[in-house]
């Protein structure tokens, strides 16, 4: 068990070092260097050169990278050009907002998709199954921005029930009502995919011999599903559900842009458009931690649920 | 000499007949799944629109008709209305279909090719090759793709070629995973053992023995990836890091107009409906293909 955790922590650290170096090299070694970005297009070449010397940007990449990592470990995340404040002052706040959005959405996605997925996979080819499969496929096909536009045109423009932006500033609309549409878009888009995955796993489980035995010995169908099929059918989807956390935290750029939600994704988009290097680098590190962290968590969860695998 | 050439022609002709026949049979099989037919219908509709764009549109896609700004709603002159700068939405949709339907297939084809190479190598050679390829693919798969696009496109710049390259690199692991799974199963079959016994090279076995038999799942997965690539291209356009303006792309059309939704909802609703329908087409075809594949 400890060996397993240690191995994965090493893996996490190696991945972080590799990714951070790639991002560092990519952002700092591309045309339009840091000094030029700081000073803008109208600065003279001498000004750029002197700033480069002042910021000691003329040293080799590796040396600067080591210094950068040292600063990170000391808690200095750098200075954001886009927001004109230290990265520390902005990123945690944005992550908190995105965390809220992700948590609310997650609470809807998991029970809803489990219910629908099991209902569909229980009897493959039945009318319920066809309806859920088609519905899930169609929902997963509508891009998030299109889903946002569709929902907003109904509930904001036509019915006037909800606000079209979610800036989290309580005003005419409460924060709760602002959250409805962003959460709805995420849940609908992501659920389509998760439902199809759970359905596939359920179908596979229902074809196992022990289910056949249970049905043939005259066990109530309800009991077969709840007692025999469910736990086994949930094995594979657990990993998939946990992987959705990555999407929820770092992949909601589009939803946040549609509804002007002050979250991590929109911050990253603005940072990328503005070439705000310090913010991009830290943001990517956060994304890597979340991605690899949930991957390890999913692996652990899978091993705990499946008694055949011992740590 | 003459003799030899006739023989050769006859052989190739027969081979070609077989090829056509095989595909005709496959298409007939497709007709059994209504889901696949609906999906194929939607895709063919947009392909036709893209090809016939100059014929079926009246206005150039970037021409501003300022007189139409008085009433931007759909009318006899502008079938789907105009956008906020007086550009005909139908023209922009039709020419935008050209962009999507060239960039998405090329990018997906690239991803499929790269994925097949990686998957075959990992599944056939196993050992260290497998470990390295699988680990790298896992990292790319778990990494938030959109963040990756943003960094690369913001640092390197957005162009059709860059989008294709990035999509190829990011989607290839999905294909590789599928191919690797199939390959590990197929390499244990007798005909692979027979080929090895004949002394065929690893490359020959992978490409001529294993790949054709892994065809089904690869086609389904490629179809799914086409749908998601279409979404990706739309999203990049929507975020403003897609193809440079003013050439029409569906995501960009939404980006320009969704702020004005309370006044002119049709400007963003129409391109949204277009991109959604195309992705639904690809995904329905994938679902249908999978059903057909399961039946035989």
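Residue numbers (this note's numbering), protein chains in the order written: chain G, 1 to 311; chain H, 1001 to 1296.
Beta carbons: idealized from backbone N, C-alpha and C, even for Gly.
All values reported here derive from a predicted model rather than from experimental measurement.
Q. Where do the N-terminal and C-terminal ends of the alpha helix (DSSP H) with residue 268/G fall, by residue?
A. 264 to 274
Q: Would you kindly work out how many angstroms separate the C-alpha atoms of residue 315/G and residue 81/G, rounded to a whole number?
A: This structure does not reach residue 315/G, given that chain G is present from 1 up to 311, and the question cannot be answered.
Q) Is the region 1110 to 1127 of chain H in contact with the region 1173 to 1184 of chain H, if contact means three or more CB pairs nearer than 8 Å? A) yes
Q) Taking Cβ-Cβ distances below 7 Å as the criterion, which residues of the region 1081 to 1113 of chain H are in contact with chain G? A) none
Q | Assigned exposure category for residue 63/G - 16 Cβ within 10 Å defines buried | A | exposed
Q: Could you pull the start and end residues of the alpha helix (DSSP H) that residue 1127/H belongs to?
A: 1127 to 1142
Q.
For residue 161/G, count the other beta carbons within 10 Å of its own beta carbon; 16 or more makes it buried, fewer makes it exposed. Which is it?
A. exposed
**Q.** Where residue 1284/H meets chain G, residues with beta-carbon distance less than 9 Å
**A.** 134, 137, 138 and 141
Q | chain G contacts from the region 1149 to 1174 of chain H (Cβ-Cβ distance under 8 Å) | A | 1150, 1151, 1152, 1153, 1154, 1155 and 1156
Q) Can you round the beta-carbon distance between residue 192/G and residue 140/G to whole angstroms, since I take them to be within the 8 Å contact cut? A) 3 Å
(Q) So, with DSSP's three-state summary, where would you put residue 298/G? (A) helix
Q) Grouping DSSP H, G and I as helix and E and B as strand, with all else coil, what is residue 1092/H? A) helix
**Q.** Touch test, the region 1242 to 1261 of chain H against the region 1093 to 1102 of chain H, Cβ-Cβ under 8 Å, three pairs minimum
**A.** yes
Q | residue 291/G versus residue 283/G - alpha carbon distance | A | 12 Å
Q) For residue 205/G, which residues from the same chain have a beta carbon less than 6 Å from its beta carbon, with the 5 sequence-adjacent residues on both sides left out? A) 229, 232 and 233
**Q.** Unbroken stretches of the alpha helix (DSSP H), 4 residues or longer, contained in the region 1145 to 1170 of chain H
**A.** 1145 to 1156
Q) Is the beta carbon of residue 1111/H less than 8 Å from the beta carbon of residue 1194/H? A) no
Q: Would you please state the rounded distance, in angstroms, between the beta carbons of residue 150/G and residue 181/G? I believe it to be under 8 Å.
A: About 11 Å separates the two Cβ atoms, so there is no contact after all.
Q: Look up residue 1087/H in the DSSP assignment and give the residues it is bridged to.
A: 1064/H
Q) Interface residues of chain G around residue 1234/H at Cβ under 8 Å? A) 143, 145 and 146
Q. Given residue 137/G, which residues of its chain have a CB within under 8 Å of its CB, disregarding the five upstream and five downstream residues?
A. 192 and 196
(Q) Tell me which residues share the same chain as residue 1050/H and place their Cβ nearer than 6 Å to its Cβ, disregarding the 5 neighbours each side in the sequence. (A) 1097, 1098 and 1101
Q: Can you say whether residue 1268/H is buried or exposed, counting buried as having 16 or more other CB atoms within 10 angstroms of its CB?
A: buried
Q) Which residues in chain H sit within 7 Å of residue 152/G, going by Cβ to Cβ distance? A) 1261
Q) If you count every other CB in all the chains shown that lies within 10 Å of the CB of residue 1222/H, and 16 or more means buried, which is it? A) buried
Q: Show which residues of chain H have a CB atom less than 8 Å away from the CB atom of residue 176/G.
A: Going along chain H, no residue has its Cβ under 8 Å from residue 176/G, so there is no contact; the nearest lies around 22 Å.
Q) Per the contact definition of three or more C-beta pairs closer than 8 Å, is the region 1136 to 1156 of chain H in contact with the region 267 to 283 of chain G? A) yes
(Q) Could you check whether residue 1091/H and residue 1129/H sit closer than 8 Å to each other, using their CB atoms as the reference points? (A) no
Q. Can you tell which of 1107/H, 1063/H and 1142/H has its C-alpha closest to the C-alpha of residue 1086/H?
A. 1063/H
Q: Under 7 Å Cβ to Cβ from residue 1297/H, same chain only, skipping five residues before and after it: list those, please.
A: An answer regarding residue 1297/H cannot be provided, because it is not within the stretch 1001 to 1296 covered by chain H.
Q: Starting from the C-beta of residue 1133/H, find all residues in its chain whose C-beta is less than 6 Å away, skip the five residues before and the five after it, and write them out in chain order.
A: 1118 and 1122
Q. Does the separation of the CB atoms of residue 296/G and residue 88/G fall below 8 Å?
A. no
(Q) Less than 8 Å between the beta carbons of residue 144/G and residue 189/G, yes or no? (A) yes
Q) From the beta carbon of residue 1268/H, is the nearest beta carbon of chain G less than 8 Å away? A) yes
(Q) Which residues of the region 82 to 98 of chain G have a Cβ closer than 8 Å to any Cβ of chain H? Give them in chain order. (A) none
Q: Can you grab the Cα-Cα spacing for the pair residue 241/G / residue 259/G, in whole Å?
A: 25 Å
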